[in-house]
Amino acid sequence: MNRPRRCQRGRGPIRVFQANVRKSPECHDVALHLAAASGFEIAALQEPWAVVRDGRCLTKTNPSFETYCPVQTWSGEDSSTRPRLMTYVRRDNNLHIEQRNPIPSRDLLLLEVNDMTVINFYWNGPDALEAFFTLQIPQKTLVVGDFNARHHSWQPGADNYQQGADISDWASRNSLRLINEPGEPTHEAENTIDLAFCTVAGSEVTVEEHLYTGFDHYSPPVWYQDQPLPRSGPPNTKPHQSKSARGSGNWLRNGRRGSRSQQARRTRSMASLRR
Numbered sequence: 001m002n003r004p005r006r007c008q009r010g011r012g013p014i015r016v017f018q019a020n021v022r023k024s025p026e027c028h029d030v031a032l033h034l035a036a037a038s039g040f041e042i043a044a045l046q047e048p049w050a051v052v053r054d055g056r057c058l059t060k061t062n063p064s065f066e067t068y069c070p071v072q073t074w075s076g077e078d079s080s081t082r083p084r085l086m087t088y089v090r091r092d093n094n095l096h097i098e099q100r101n102p103i104p105s106r107d108l109l110l111l112e113v114n115d116m117t118v119i120n121f122y123w124n125g126p127d128a129l130e131a132f133f134t135l136q137i138p139q140k141t142l143v144v145g146d147f148n149a150r151h152h153s154w155q156p157g158a159d160n161y162q163q164g165a166d167i168s169d170w171a172s173r174n175s176l177r178l179i180n181e182p183g184e185p186t187h188e189a190e191n192t193i194d195l196a197f198c199t200v201a202g203s204e205v206t207v208e209e210h211l212y213t214g215f216d217h218y219s220p221p222v223w224y225q226d227q228p229l230p231r232s233g234p235p236n237t238k239p240h241q242s243k244s245a246r247g248s249g250n251w252l253r254n255g256r257r258g259s260r261s262q263q264a265r266r267t268r269s270m271a272s273l274r275r
């Protein structure tokens with residue numbers, strides 16, 4: 001069981017690297033290497049590589065990070081038991097980390113990082129979203145994940161797909177601001193499906209050039225200011241307890257998005273929260 005890690009930390013930024021690695025061992029390795037080499041405190045991955053060999057549950061690890069997974073074990077024959085996401089936290093960064101499992105689910109993972117709640121989410125169907133909607137959202141919360149959904153609030157002109165309207169309504173009720181730049185694709189199919197929401201005002205969107213993990217997902221990194229939003233009013237639309245399973249776009253300059261081939265080389269997202 002992951003024990004709370006209590007350390008003293010200054011009020012520097014906490015940066016979160018996000019990536020869907022599509023169950024690829026190579027992409028999973030690349031994502032962790034890039035997150036570690038680039039100094040990220042947290043790496044939130046969706047569709048991780050997770051297998052069983054010789055009766056052992058295996059996934060990718062990195063010496064810079066502790067591994068947090070929503071399930072203790074999984075079966076080699078039954079893919080429905082495997083985790084659909086993992087969150088990694090830097091070991092040497094003086095953070096107070098506690099994992100919370102308020103709802104048994106392989107599709108969401110909640111960590112308390114000092115005074116901030118970080119939620120990693122993967123949409124795998126209506127059941128995953130139903131569990132997600134029951135979460136209590138603290139005043140200072142960051143939500144990142146692959147939502148596999150479309151809605152005009154983050155993809156102007158798009159239809160409502162995979163409960164996109166429900167996600168938008170849920171965010172509004174919980175004073176969660178959409179951090180993505182509306183209309184900025186996060187997938188090579190030109191859809192915006194990898195989303196970041198936060199209860200913190202004053203966020204900016206940035207992009208790192210060097211964090212491409214090698215698959216079809218990419219999204220703009222984000223920067224969070226440490227100013228909680230009021231709990232009333234609409235937002236701005238512009239769980240592994242065991243350590244047994246321990247085990248990386250083009251910069252949008254002047255607002256230009258670049259060609260499709262350039263877009264396909266973009267990375268996933270990063271978030272920095274000023275303390």
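Numbering (full-length UniProt numbering), first residue to last: 1 to 275. Heads up, the beta-carbon is just placed ideally off N, CA and C, and yes, glycines get one too.
Determine, using beta carbons only, whether residue i and residue j come nearer to each other than 8 Å.
{"i": "V71", "j": "R106", "result": "yes"}
{"i": "P83", "j": "K60", "result": "no"}
{"i": "residue 280", "j": "I119", "result": "As displayed, the chain neither begins before 1 nor continues past 275, which places residue 280 out of reach and without an answer."}
{"i": "A43", "j": "F65", "result": "yes"}
{"i": "I167", "j": "H151", "result": "yes"}
{"i": "L85", "j": "Y122", "result": "yes"}
{"i": "N62", "j": "L32", "result": "yes"}
{"i": "I103", "j": "A131", "result": "yes"}
What separation, rounded to the nearest whole angstrom, lies between the Cα atoms of residue i and residue j?
{"i": "C57", "j": "F147", "result": "26 Å"}
{"i": "A36", "j": "D78", "result": "31 Å"}
{"i": "T199", "j": "S75", "result": "37 Å"}
{"i": "Y68", "j": "R100", "result": "10 Å"}
{"i": "A158", "j": "L195", "result": "15 Å"}
{"i": "Q18", "j": "P182", "result": "18 Å"}
{"i": "N191", "j": "E112", "result": "30 Å"}
{"i": "Y88", "j": "L95", "result": "12 Å"}
{"i": "T134", "j": "P156", "result": "27 Å"}
{"i": "residue 278", "j": "D54", "result": "This structure cannot settle anything about residue 278, because the visible part of the chain is limited to 1 through 275."}
{"i": "I193", "j": "P185", "result": "8 Å"}
{"i": "V52", "j": "Q162", "result": "31 Å"}
{"i": "L176", "j": "D29", "result": "31 Å"}
{"i": "S38", "j": "P126", "result": "35 Å"}
{"i": "D169", "j": "A201", "result": "19 Å"}
With a CB to CB cut of under 6 Å and the five nearest residues on each side skipped, what residues in its chain are close to residue i?
{"i": "I137", "result": "N174"}
{"i": "F40", "result": "R15, F17"}
{"i": "A128", "result": "D107"}
{"i": "K23", "result": "E47, W49"}
{"i": "T81", "result": "W74, S75"}
Output yes if chain D places a C-beta closer than 8 Å to the C-beta of residue i; else output no.
{"i": "T199", "result": "Given the protein chain composition of this structure (a single chain), no chain D is represented."}
Since I believe residue j is in contact with residue i (beta carbons under 8 Å), could you give me their beta-carbon distance rounded to a whole number of angstroms?
{"i": "F197", "j": "A171", "result": "5 Å"}
{"i": "W154", "j": "N180", "result": "5 Å"}
By Cβ distance below 8 Å, which residues in the same chain neighbour residue i in space, the five residues on each side in sequence not counted?
{"i": "M116", "result": "I14, K140, T141, L142, L273"}
Is residue i close to the ligand GTP? I mean its beta-carbon at under 7 Å from any heavy atom of the ligand.
{"i": "A35", "result": "With respect to small molecules bound, the structure shown includes none, and the ligand GTP cannot be examined in it."}
What does a CB cutoff of less than 7 Å around residue i pick up in its chain, not counting 5 residues either side in sequence?
{"i": "N124", "result": "R84, D107"}
{"i": "R91", "result": "S64, F65, E66"}
{"i": "R246", "result": "Bear in mind that the predicted position of R246 carries a pLDDT of just 34, short of 50, making it unreliable; the figure below should be weighed with that in mind. These residues qualify, in order along the chain: T61, T67."}
Handout entry: Every unbroken alpha helix (DSSP H) within the stretch 3-81, with a cutoff of 4 residues, ordered by chain
Key = 25-37
Handout entry: Ranges of the alpha helix (DSSP H) found wholly within the stretch 79-105, counting only runs of at least 4
Key = Within the stretch 79-105, no complete alpha helix (DSSP H) run reaches 4 residues.
Exercise for the section: Kindly provide the ranges of any alpha helix (DSSP H) runs that are 4 or more residues long and lie completely inside the stretch 139-202, ordered along the chain. Expected result: The stretch 139-202 contains these whole alpha helix (DSSP H) runs: 164-173.
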